[in-house]
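K.L.:
Right, I'll just put the structure down here and ask away after.
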Amino acid sequence: MQHSVSIRDLSLNFGQVKVLEHLNLDISQGEFIVLLGPSGCGKSTLLNCVAGLLDVSDGQIFINGRNVTWEQPKDRGIGMVFQSYALYPQMTVERNLSFGLRVAGMKKDEIEQRVKRASEILQIEPLLQRKPVELSGGQRQRVAIGRALVRDVDVFLFDEPLSNLDAKLRSDLRVEIKRLHQRLKNTMIYVTHDQIEALTLADRIAIMKNGVIQQLADPHTIYNKPINLYVAGFIGSPTMNFLDGEVIGGAEPVFKTNDGSLIPLKTYEFETAPAASGSKAVLGVRPEHITVGEAAKAVPYSTEVEIELVEPMGSDTLAYTTVAGQMVTFRAESDIDLKSGQKVLIGFDPGRGSIFDTATSNRI
Amino acid sequence: MSQTATISSAGPDEKPKSDSRVEPRGPRPKPFFTPRKIVIYSILIFACLYFLFPLYVMLTTSLKTMPEIRWGNIFAPPIEPTGEAWVKAWTSACTGLTCQGLNPGFWNSVKITVPSTIVSIFIAAVNGYALVNWRFKGSEIFFTILIFGSFIPYQVMLYPLVMITRELGIFGSLWAVILVHSIFGMPILTLLFRNYFAALPVELFKAARVDGAGFWRIFFEIMLPMSLPIFVVAIILQVTGIWNDFLFGVVFAGTQNYPMTVQLNNIVNSAQGSPEYNVNMAATILTGLVPLIIYFVSGRLFVRGIAAGAVKG
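In the order they appear, the protein sequences are chains A and B.
Going by my numbering, the first sequence opens with residue 45, and the numbers climb by one from there.
Going by my numbering, the second sequence opens with residue 8, and the numbers climb by one from there.
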């Protein structure tokens, strides 16, 4: 099957600094890919390479089966939306939308038609005669999306498009982008450092660190089966709880915490069977997978802890405590009354957790 | 009410003691006569007088007749104000061998200033734009060399430039002065434009490239419309600089094309009979008028934020 975008063995150096190293990524037709990572991980750089705004040091880029490694941005069949919107300040919205088409020398009525269609889709028709200064942040970003839309491209590139908006607008526009994708069915590559955006929008997420893709998978897998400690710690808020200890293999594998308590791992699906002699490992459990009170008796492992701090979040409550000498956060229903100093029974199913090798920090 | 200044005993009905005995509320009062303000304003007023007084003397002297000037009372206002000196300065004062006043010099200066300003600013704008947005191999070195050029004193280059223009066959013509001014404006103007373009969001440039625009299209349709403030600054710099120039005018222009500054010098320094102070003053003011007008007209344009709202919300 032909890939919509295919990145092969891509490397990029700025002088001595290696920003991207032998990166491979295949994106299917109509797929929504999110590049997720902290700032400086090379995700925006990768997007700029795909757009043709940066020359690559090595490797190839294919769009719709065509090698575009040496092509100009305009010839690649891409549209790009920037974080700062990058609207041409001296042009009206209409002129902004039509700029690319005018550059391409398109006929007037065709331009008019396309601008009309794009502004209908994005509901910016009343704004067409305004200048960017007169628009709100959300409206500006919509115009920026429209500028990619009118060009009728195969691939949309988004470079942190929602980062400049306030929280409310961000979630509104997020839904709109998802809706747009469902309607247009274009391939979209979306760069963000916001994991909520990544989890909600993506068909697949590529988590990047230091120019290398750590894990490329659908949001469900990323969230439930992170491939290494980095991904496990990066995804999820509040972050995953990590318990240091030892994995002891055998017929009934157990996880031995530093203070000697044993956590049965019968429900855990190992990628590779652990050694019977035991090896250093980290057990990761998400705060929302910890059960509290009576329900904790039903899961494979439970223990009584003293609550140290409580943060009511409205929909639920975060509580901080200590298990085996290590800090643990858990999320409880808001109707369970928790107070600091209170002793409660908490438990979890290790089968929903993740175990990582301490030495390699990879999932086992 | 207690007259003690202790705060500890202050009850709810007891107002804090202050000089005016007014409860603080609303905008803080701003007294005008504070020591600080008195010092600042006296310095400012003194500085104003210091700079304005010579202008006053020039203006009044230029409006007087020669007999009145000979009385020697230079601070007195003119008894019978007359524009004769101004007319003479413009039309019939002797500048060396010819006696046509400053009029031809003015037009020479215009012929030099307008093309030099346009050429130098246009080239510098393109330079700055290319240096920021179209980095090429060695662009940093190129820029460094260009900037280094602004530190070399004119005197060093004068003679080589005379030889170059002579070889080009334009020495002693307006073309030579225009060329020299355009070259010397380049370093500082390029620096100016480079810094301005570097401050514009680079994403605008990227967006235009994705939209398919090329070098000139982005320059003329995206960058130039956003650069009015820096153009105003560049125009002020160049017009005043070139208009006030004496050295290049006297060296390269040739006797027929002397700019206004050179002719002014010739009027003031001509040693025929007694010096006509009123004509000299009028001629000097006339020569300085163009830069003065430029400052007044363009000052307001500085303030306009043209790029405002291009990015962020």
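No residue lacks a Cβ here, since even glycine has one placed at the ideal position from N, Cα and C.
Model, not experiment: these values are computed from the prediction.
#1: Could I get the ranges of all uninterrupted beta strand (DSSP E) runs contained in the segment 170-241 of chain A, with 3 residues as the minimum, in chain order?
#2: Quick one: grab the DSSP three-state call for residue 294(B).
#3: Does the count of Cβ pairs from the segment 203-216 of chain A and the segment 235-246 of chain A closer than 8 Å reach three?
#4: What is the rounded straight-line gap between the Cα of residue 297(B) and the Cα of residue 247(B)?
#5: Work out the CA separation of residue 50(B) and residue 62(B) for me, nearest whole Å.
#6: Using alpha carbons as the reference points, say which of 271(A), 268(A), 218(A), 109(A) lies closest to residue 48(A).
#7: Which parts of the segment 25-86 of chain B are runs of the alpha helix (DSSP H), unbroken and 4 residues or longer, counting only runs that do not cross its ends?
#8: Residues of the segment 228-243 of chain B in Cβ contact with chain A at a cutoff of 8 Å, in chain order, please.
#9: Does residue 173(A) come within less than 8 Å of chain B when only Cβ atoms are used?
#10: Report yes if the CB atom of residue 308(A) is closer than 8 Å to the CB atom of residue 345(A), and no otherwise.
#11: Starting from residue 332(A), trace the beta strand (DSSP E) in both directions and tell me its first and last residue.
#12: Going by DSSP, what residues sit across from residue 328(A) in a beta bridge?
#13: Measuring alpha carbon to alpha carbon, tell me which residue in 371(A), 232(A), 360(A), 162(A) is nearest residue 409(A).
#14: Rounded to a whole number of angstroms, what is the C-alpha to C-alpha distance between residue 363(A) and residue 311(A)?
#15: Can a CB atom of chain A be found closer than 8 Å to the CB of residue 138(B)?
#16: Cα separation between residue 222(A) and residue 245(A)?
#17: Give the interface partners of residue 205(B) over in chain A, defined as CB-CB distance under 7 Å, in chain order.
#18: Quick check: residue 258(B) and residue 199(B), are their CB atoms within less than 8 Å of each other?
#19: Can you tell me whether residue 256(B) is buried or exposed, with buried defined as 16 or more other CB within 10 angstroms of its CB?
#20: Report the neighbours of residue 205(A) on chain B: residues whose CB is nearer than 9 Å to its CB, in chain order.
#21: For residue 186(B), report the span of its alpha helix (DSSP H) as first-last.
#22: Go through its chain and collect everything with a Cβ distance to residue 14(B)'s Cβ below 7 Å, but skip five positions before and after it.
#23: Measure the C-alpha to C-alpha separation of residue 284(B) and residue 36(B) and round it to an integer number of angstroms.
#24: Strictly below 7 Å CB to CB, what residues from chain A border residue 219(B)?
#25: Per DSSP, which residues does residue 104(A) bridge with? Please list them.
#26: Between 93(A), 372(A), 217(A), which lies nearest to residue 282(A) when the distance is taken from Cα to Cα?
#27: Is residue 216(B) close to chain A? Criterion is C-beta to C-beta, closer than 8 Å.
#28: Can you name the residues of chain A whose CB is closer than 9 Å to the CB of residue 144(B)?
#29: Would you say residue 234(A) faces chain B, with C-beta separation under 8 Å as the test?
#30: Starting from the Cα of residue 367(A), find the closest Cα among 330(A), 156(A), 287(A), 111(A) and give me that residue.
#31: With distance defined between alpha-carbon atoms, name the residue in 190(B), 236(B), 164(B), 272(B) nearest to residue 124(B).
#32: Looking only at C-alpha atoms, which of 137(A), 155(A), 196(A) sits nearest to residue 177(A)?
#33: Taking C-beta pairs closer than 9 Å, name the residues in chain A that residue 211(B) reaches, listed in chain order.
#34: At what residues does the alpha helix (DSSP H) containing residue 140(B) begin and finish?
#35: How would you list, in chain order, the residues of chain A whose beta-carbon sits under 7 Å from the beta-carbon of residue 208(B)?
#36: Three-state secondary structure (DSSP) at residue 19(B)?
P.N.:
By the coordinates alone:
#1: With a minimum length of 3 residues, the continuous beta strand (DSSP E) runs that stay inside the segment 170-241 of chain A are 199-203, 231-236.
#2: In the structure shown, residue 294(B) falls within a helical segment according to DSSP collapsed to helix, strand and coil.
#3: They touch, by the three-pair rule.
#4: Take the alpha-carbon of residue 297(B) and the one of residue 247(B): they are about 8 Å apart.
#5: Going by the C-alpha atoms only, they are around 19 Å apart.
#6: Nearest C-alpha to residue 48(A): 109(A).
#7: DSSP assignment within the segment 25-86 of chain B yields the following whole alpha helix (DSSP H) runs of 4 residues or more, N-terminal first: 42-69, 73-77.
#8: Hits within the stretch, in order: 228, 229, 232, 233.
#9: No - not a single Cβ of chain B is within 8 Å of the one on residue 173(A).
#10: Against a cut-off of 8 Å, the Cβ pair of residue 345(A) and residue 308(A) comes out as a contact.
#11: Neither: residue 332(A) is in no beta strand (DSSP E) and is coded neither H nor E.
#12: For residue 328(A), the pairing in a beta bridge is given by DSSP as 286(A), 398(A).
#13: Because chain A here runs from 45 to 408, residue 409(A) falls outside it and cannot be looked at.
#14: Each residue's Cα considered, the two are about 26 Å apart.
#15: Not an interface residue.
#16: Answer to the nearest angstrom: the Cα atoms are 6 Å apart.
#17: Per Cβ cutoff of 7 Å: no residues; residue 205(B) is ~15 Å from chain A at best.
#18: With contacts defined by Cβ atoms closer than 8 Å, residue 258(B) and residue 199(B) do not form a contacting pair.
#19: Residue 256(B) should be labelled buried.
#20: What residue 205(A) touches in chain B: nothing, since even the nearest Cβ is about 11 Å away.
#21: 181-206 is the extent of the alpha helix (DSSP H) around residue 186(B).
#22: Confidence at residue 14(B) is low in this model, with a pLDDT of 48, below 50, so its placement is unreliable and the value that follows should be read with caution. Result list for residue 14(B): empty, nothing under 7 Å.
#23: When only Cα atoms are considered, residue 284(B) and residue 36(B) end up about 53 Å apart.
#24: In chain order: 118, 144, 147, 148.
#25: Answer is 52(A).
#26: Distance from the Cα of residue 282(A) is smallest, within the candidate group 93(A), 372(A), 217(A), for 372(A).
#27: Taking Cβ atoms only, chain A reaches closer than 8 Å to residue 216(B), which makes this a yes.
#28: Chain A residues near residue 144(B): none, gap ~12 Å exceeds 9 Å.
#29: Interface with chain B (8 Å Cβ-Cβ cutoff): residue 234(A) is excluded.
#30: Closest option to residue 367(A), Cα to Cα, is 287(A).
#31: Each of 190(B), 236(B), 164(B), 272(B) was checked against the Cα of residue 124(B), and the nearest Cα belongs to 190(B).
#32: That would be 137(A), whose Cα lies nearest to the Cα of residue 177(A).
#33: 126, 128, 130, 131, 132, 133, listed in chain order.
#34: Going by DSSP, residue 140(B) is part of the alpha helix (DSSP H) stretching over 110-140.
#35: Here the neighbours are 128, 130.
#36: With a pLDDT of 49 at residue 19(B), under the threshold of 50, the predicted position of this residue should be treated as unreliable, and no value is reported.
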